[in-house]
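S.K.: Before I ask anything, here is the structure I am working with.
2 protein chains.
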Amino acid sequence: MVSKNQIKLITSLQQKKYRIANQLFFAEGVKVIQELLQSNFELEHLYTTQHDFDTVLDSKKSLIHENDLKKISALTTPNSCLAVFKIPEEKPIIASGLIIALDDVRDPGNIGTILRLCDWFGVKQVICSKETVDIYNPKVVQATMGSITRVNVNYVDLPEYISQTELPVFGTFMDGENIYKTNLPKEAIVVMGNEANGISETIEEITKNRLSIPRFGDLQQAESLNVATATGIILSEFKRNLA
Amino acid sequence: MVSKNQIKLITSLQQKKYRIANQLFFAEGVKVIQELLQSNFELEHLYTTQHDFDTVLDSKKSLIHENDLKKISALTTPNSCLAVFKIPEEKPIIASGLIIALDDVRDPGNIGTILRLCDWFGVKQVICSKETVDIYNPKVVQATMGSITRVNVNYVDLPEYISQTELPVFGTFMDGENIYKTNLPKEAIVVMGNEANGISETIEEITKNRLSIPRFGDLQQAESLNVATATGIILSEFKRNLA
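Protein chains in written order, with full-length UniProt numbering: chain Z, 1 to 243; chain R, 1 to 243.
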């Protein structure tokens, strides 16, 4: 059984203000929940329709009916389990190596995919502007496929942070230098912009290294690259000589 | 006004069998519809809530109320317009240059993003296995952002096609050769696999060139790359020396 109060609390966690008020978030599906359990995330409570998760104390889990899972799930087709976790304290920024900075990226699927790419390419730090979508949004947690446990994410005043960093700052722009012909350093901050508007003017002014992913084809009519696929191509270029 | 029969027809086009039966599909939003109109797609009928699309004959368009648009739209938040188009005849396969082959890619967002990437990188031909999601699925049409008009897509018996081609065939596998250290040809077929299972056994057997996108980081725990972001990285590698 899931009580009415529990349903109310868990569904409220789909909204950022209630996540902040309660300092809780939730994840769905065996794989993601297991990765969170194995990392330093503190379990509040696990709801599962199966006799699984043997390592979780009985006091911390409830066996529930599929119909109850539907009531608390954020998915159209609920998985077999949902777990509520405490939002951990933000860790200090790892101000070295390759860092991805997100300037108002709004789509949960995009930031989820970007965290997964960072995980793949060994990027340990993502810095987000305050307007970037919250990583504890259930859709982000889902899209990261567990990478949320391995990439450090901080929300900062991005223009301020970037104006003070000693690392070289890169951004992609239509008129930037061909990324394939640029010497890319091992340590840098790479700024990825908003889905509709790209990199904001304030950040553009302080971004000294302007890159561009060349567009091919006779017509060159392709609109643009999605911010997540562009991040993949850029990370691949920064890392390819180290492989 | 949209008649009950029109609502029934248009909503039925969300399903492949009715798209095939009627040889119709629909697109939503000014940008995508305009790109389809400017290309060789034959308009069946346009439904719009605005006084726009001046070039479309009055007999081919209806000014409708937002509430009616909601009834025919496949989107949670409908745009301002929806247009029904005839499904064009399949054009012959362009059997040269760089070709992307999709081996049972199922997610509409993924194939949409892949077509957008092909458009960006000047790839003119995509070959799909019969089980790959239909490109006239409304979610695919939406995700391509107009690229559907510039990339030729054919559905074929993929194992048969690949076993007969004279082009070199590449695929990505966990144990493949480091893609960053491989000489990649200008002309090739690159196979991208299913989201859950990767490239099928039948196709794997006839794929002579095994590539791998190296994984970085100390732990190397990242699960996998999404098929669309992997396609972006691979296309970038095949094209980077030509930019």
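Backbone N, C-alpha and C fix where the C-beta goes; we use that ideal spot for every residue, glycine too.
Can you give the Cα-Cα distance for Z:Arg-210 and R:Ile-114, rounded to whole angstroms?
M.R.: C-alpha separation (whole angstroms): 26 Å.
S.K.: Below 8 Å, how does it come out for the region 34–42 of chain R and the region 159–179 of chain R: are there three or more Cβ pairs, yes or no?
M.R.: The region 34–42 of chain R, when compared against the region 159–179 of chain R, does not touch it at the 8 Å Cβ threshold.
S.K.: Name, please, each residue of chain Z whose Cβ falls closer than 7 Å to the Cβ of R:Glu-223.
M.R.: Here the neighbours are Met-145 and Gly-146.
S.K.: Enumerate, from N- to C-terminal direction, the unbroken beta strand (DSSP E) stretches of 3 or more residues contained entirely within the UniProt domain "tRNA/rRNA methyltransferase SpoU type" (98–235) of chain Z.
M.R.: With a minimum length of 3 residues, the continuous beta strand (DSSP E) runs that stay inside the UniProt domain "tRNA/rRNA methyltransferase SpoU type" (98–235) of chain Z are 98–102, 125–129, 152–156, 169–178, 188–192 and 209–212.
S.K.: Taking C-beta pairs closer than 7 Å, name the residues in chain Z that R:Ser-236 reaches, listed in chain order.
M.R.: Near R:Ser-236 (Cβ distances below 7 Å), the residues of chain Z are Ile-233 and Ser-236.
S.K.: Counting only Cβ pairs nearer than 9 Å, list the residues of chain Z close to R:Asn-239.
M.R.: Strictly speaking, residue 239 of chain R in this sequence is Lys, with Asn absent from that position. Simply Tyr-180, Pro-214 and Phe-216.
S.K.: So is R:Asp-58 buried or exposed if we call it buried at 16+ other beta carbons inside 10 Å?
M.R.: So R:Asp-58 ends up on the exposed side.
S.K.: Would you give the residue range spanned by the beta strand (DSSP E) that Z:Val-84 belongs to?
M.R.: Where Z:Val-84 is concerned, the enclosing beta strand (DSSP E) stretches over 81–86.
S.K.: Relative to the alpha-carbon of Z:Phe-173, which residue among Z:Ser-62, Z:Val-190, Z:Thr-165 and Z:Tyr-47 has its alpha-carbon at the smallest distance?
M.R.: Ranking the options by Cα distance to Z:Phe-173, first place goes to Z:Val-190.
S.K.: Give a yes or no on whether 9 Å exceeds the smallest Cβ distance from Z:Val-105 to chain R.
M.R.: False, the Cβ-Cβ gap to chain R never drops below 9 Å.
S.K.: Just checking my contact of R:Ala-228 with R:Asn-110 at CB under 8 Å: how many whole Å lie between their CB atoms?
M.R.: Rounded, the Cβ-Cβ distance is 5 Å, consistent with contact.
S.K.: In chain R, which residues lie with their C-beta within 7 Å of the C-beta of Z:Thr-113?
M.R.: Neighbours of Z:Thr-113 on chain R, chain order: Asn-226 and Thr-229.
S.K.: Kindly list, in the order they appear in chain Z, the residues whose Cβ is closer than 9 Å to that of R:Asp-134.
M.R.: The contacting residues do not exist; R:Asp-134 stays about 20 Å from chain Z at best.
S.K.: Assuming contact is defined by CB atoms lying nearer than 9 Å, are R:Ala-27 and R:Ala-95 in contact in what I supplied?
M.R.: Not in contact: R:Ala-27 and R:Ala-95 (Cβ atoms no closer than 9 Å).
S.K.: Could you check whether the Cβ of Z:Lys-124 sits closer than 9 Å to any Cβ belonging to chain A?
M.R.: No chain A is part of this structure, whose protein chains are labelled Z and R.
S.K.: Who are the near neighbours of Z:Val-56 in its chain, counting only those whose CB is closer than 6 Å to its CB and skipping five residues on each side?
M.R.: If we look at Z:Val-56 and ignore the five residues flanking it on each side, its Cβ neighbours are Leu-46.
S.K.: For the beta strand (DSSP E) holding R:Leu-57, just list the boundary residues, first then last.
M.R.: First-last for R:Leu-57: undefined, no H or E at that position.
S.K.: Strictly under 9 Å for the Cβ-Cβ distance: is Z:Phe-121 near chain R by that measure?
M.R.: With 9 Å as the cut-off, Z:Phe-121 counts as an interface residue toward chain R.
S.K.: What first and last residue would you give for the alpha helix (DSSP H) that runs through Z:Ala-27?
M.R.: That residue, Z:Ala-27, is in no alpha helix (DSSP H); its beta strand (DSSP E) goes 24–28.
S.K.: So, at 7 Å on beta carbons, what are the nonlocal neighbours of R:Asn-178 in its own chain, with the 5 sequence-adjacent residues on each side left out?
M.R.: If we look at R:Asn-178 and ignore the five residues flanking it on each side, its Cβ neighbours are Ser-212 and Pro-214.
S.K.: What in chain R is Cβ-close to Z:Ala-243, meaning under 8 Å?
M.R.: Per Cβ cutoff of 8 Å: Asn-178, Tyr-180, Lys-181, Pro-214 and Phe-216.
S.K.: Just to confirm, are Z:Cys-81 and Z:Val-2 a CB contact at a threshold of 9 Å?
M.R.: Not a contact, by the Cβ cut-off of 9 Å.
S.K.: Do the region 230–240 of chain Z and the region 222–239 of chain R meet, that is, are 3 or more Cβ pairs less than 8 Å apart?
M.R.: Touching, yes.
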